[in-house]
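Notes follow the structure.
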Amino acid sequence: MSKVNIAIFVSGSGSNCENLIRYFEGSDRVSTPLVISNRADAYALVRANKLGVPSVVVTKPELNDPDVMLPLLRKYDIQFIVLAGFLPLIPDFLIEAFPRKIVNLHPALLPKYGGKGMWGHHVHEAVKAAGETETGMTVHYVTPVCDGGEIIAQYKCALSPEDTVDDIAAKEHELEMRYFPEIVEKTIFS
């Protein structure tokens, strides 16, 4: 059986990207041959390089150009895409080319705190401002609607009124580190 090749799309520091690459190291079922970022200064690119995974930076026009993206993904025989802190919207042609084969990690319990502008600390600040007693992570399929795809899995953690925004972020990130790679693997083979 040949391995399923996944591309990891990132915009930031890449802790989830590194976690995914390490999780699938030595796997006989999944390989991570490509990291794609929309930012040349994303620390995720340094992480990928240290782990020997090729990375490519794509501009917004390139991301939205099927004549750039589809050949790039074919070159690495990509069959599944994981968004791990990737901020730009995925163009429709990619969603059509990879039906139910693109997943996103969101740092809140969707449908709350999703949509345009809801990423990173913005999400955790909104959770704190609302006085939520719990937060968590959501993995969902990517559709043309921002954060609107079918939910695959959610994991929750309790919050206290004393938790700062940074505390909330740390609790939620712990869930990502623990569960995200496993959810990706299960989703690939479901």
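Residue numbers are given in numbering that gives the first Met the number 0: position 44 of the sequence shown equals residue 43, and the series is strictly consecutive. Every residue gets a Cβ at the ideal spot worked out from N, C-alpha and C, and that includes glycine. Computed from a predicted structure; not experimentally measured.
Three-state secondary structure assigned by DSSP to residue i
{"i": "R14", "result": "Residue 14 is actually Ser in this sequence, not Arg. Of the three classes helix, strand and coil, the one that applies to S14 here is helix, per DSSP."}
{"i": "Y75", "result": "coil"}
{"i": "K59", "result": "helix"}
{"i": "F92", "result": "helix"}
{"i": "P87", "result": "coil"}
{"i": "V9", "result": "strand"}
{"i": "L82", "result": "strand"}
Start-to-end residues for the alpha helix (DSSP H) that takes in residue i
{"i": "L179", "result": "Looking at the sequence provided, one finds Phe at residue 179 rather than Leu. 164-187 is the span of the alpha helix (DSSP H), which, as asked, contains F179."}
{"i": "V122", "result": "119-128"}
Rounded distance between the beta-carbons of residue j and residue i, thought under 8 Å
{"i": "T186", "j": "A157", "result": "At roughly 26 Å, the Cβ-Cβ gap does not stay under 8 Å, so T186 and A157 are not in contact."}
{"i": "K2", "j": "V29", "result": "6 Å"}
{"i": "I89", "j": "V141", "result": "5 Å"}
{"i": "Y112", "j": "V122", "result": "5 Å"}
Beta-carbon proximity of residue i to residue j, cut-off 8 Å
{"i": "K100", "j": "F85", "result": "no"}
{"i": "T31", "j": "L19", "result": "yes"}
{"i": "V126", "j": "A107", "result": "yes"}
{"i": "N4", "j": "A83", "result": "no"}
{"i": "M253", "j": "L50", "result": "The structure shown does not extend to residue 253, since the chain is modelled only from 0 through 189, so no value can be given for it."}
{"i": "G135", "j": "E171", "result": "yes"}
{"i": "R46", "j": "S10", "result": "no"}
Run of the beta strand (DSSP E) containing residue i, from where it starts to where it stops
{"i": "K49", "result": "Careful: K49 lies outside any beta strand (DSSP E), inside the alpha helix (DSSP H) at 42-49."}
{"i": "I101", "result": "101-105"}
{"i": "G135", "result": "133-140"}
**Asked** Do the segment 111-123 and the segment 134-150 touch if we need at least three Cβ pairs shorter than 8 Å?
**Response** yes
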